[in-house]
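Participant: Read left to right, the sequence shown gives residues 2 to 201 (this note's numbering).
Handing you this structure, nothing more for now.
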Amino acid sequence: MTNKIIKVGTFFSGIGSPEKALEKLKSEGYIDDYNLEFFSEIDKDAIKSYCAIHNINQELNVGNIVNIKGKDLPYCDLWIGGFPCQDISCAGKMKGFDITSSTRSSLGWEMIRLLGEVETKPKYVIFENVENITSKKFKETLNLFKRDLIDLGYTLYDKVLNAVDYGIPQTRKRYFLVAILDNNHNFKFPEPINNDMRSI
Ligand SMILES: C[S@@+](CC[C@H](N)C(=O)[O-])C[C@H]1O[C@@H](n2cnc3c(N)ncnc32)[C@H](O)[C@@H]1O
2 MTNKIIKVGT FFSGIGSPEK ALEKLKSEGY IDDYNLEFFS EIDKDAIKSY CAIHNINQEL
62 NVGNIVNIKG KDLPYCDLWI GGFPCQDISC AGKMKGFDIT SSTRSSLGWE MIRLLGEVET
122 KPKYVIFENV ENITSKKFKE TLNLFKRDLI DLGYTLYDKV LNAVDYGIPQ TRKRYFLVAI
182 LDNNHNFKFP EPINNDMRSI
């Protein structure tokens, strides 16, 4: 994805940490540039913070994902969505993220719906969630989620990464699912950095 401006759209955008990561990739020369085409967030304080942090206009917020129609979204090369984890996390009641569960975590399926609706699908989609999504309890639902992405034409790569292995002084394990629209891509998750970091 070098030598171009990467068009990016994010869902469940919060304060936009993936967008910060893109900024870092740019400053370190891994990507040329990126442009935020839209974000989707419903919490008014998060929206305010997001716009202040990323210096963009609130008009780029496409709002509640449930109400978004694929035809209204501008084309993006990359979509990112860390969908709500309350119903998956060990710290919550683990009600799950079945498509029919009407939990906040089931909102992740809305991204699958939108992938099926847009005229041109993004080449890259990154989903992020808590490690517990890979547990036995959620395995079947996660497999259905992955099956739908494969049916949409994506090749999948997934892994649990720990922040402490990548220069952050905190043990924070997160599941990443990377979907790429062609199968000639030799994607590999980054190897842990040997940085003597101690977790807290
Ligand atoms: C796990 S947080 C994501 C945090 C984000 N990755 C960040 O870097 O800050 C989930 C976010 O989804 C938002 N959200 C919940 N329901 C939503 C919906 N129906 N449409 C859009 N955003 C929603 C929440 O307000 C919350 O900020």
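Ideal Cβ placement from N, Cα and C applies to all residues, glycine included.
(1) For Ala92, name the three-state secondary structure that DSSP assigns.
(2) What separation, rounded to the nearest whole angstrom, lies between the Cα atoms of Leu37 and Asn144?
(3) Per the DSSP calculation, Ser41 is bridged to which residue(s)?
(4) Going by beta-carbon coordinates alone, are Arg175 and Val165 separated by less than 9 Å?
(5) Using DSSP bridges, identify the partner residues of Trp110.
(6) In the DSSP assignment, what are the bridge partners of Asp166?
(7) Could you say which of Ile6, Lys27, Ile134 lies nearest to Lys96 if we only look at CA atoms?
(8) In three-state terms, what does DSSP make of Asp78?
(9) State yes or no: is the C-beta of Tyr51 within less than 9 Å of the C-beta of Gly17?
(10) Throw me the rounded Cβ distance for the Phe84 and Phe128 pair, which I believe falls under 8 Å.
(11) Looking only at its chain, what residues have a beta carbon closer than 8 Å to the beta carbon of Met112, apart from the 5 residues adjacent to it on each side?
(12) Would you mind giving the Cβ-Cβ distance between Gly117 and Leu153, rounded to the nearest angstrom? I have them listed as a contact below 8 Å.
(13) Less than 8 Å between the CB of Ile57 and some heavy atom of ligand 1, yes or no?
(14) According to the Cβ coordinates, are Ile7 and Ile32 closer than 9 Å?
(15) For a test of the three-state rule: what should DSSP assign to Ile194, helix, strand or coil?
Facilitator: Working from what's here:
(1) coil
(2) 30 Å
(3) Phe12
(4) no
(5) Beta-bridge pairing links Trp110 to no other residue.
(6) Note: Asp166 sits in no beta bridge, so no partner.
(7) Ile134
(8) coil
(9) yes
(10) 7 Å
(11) Phe12, Ile66, Trp80, Gly82, Phe84, Val126, Phe128
(12) 6 Å
(13) no
(14) yes
(15) coil
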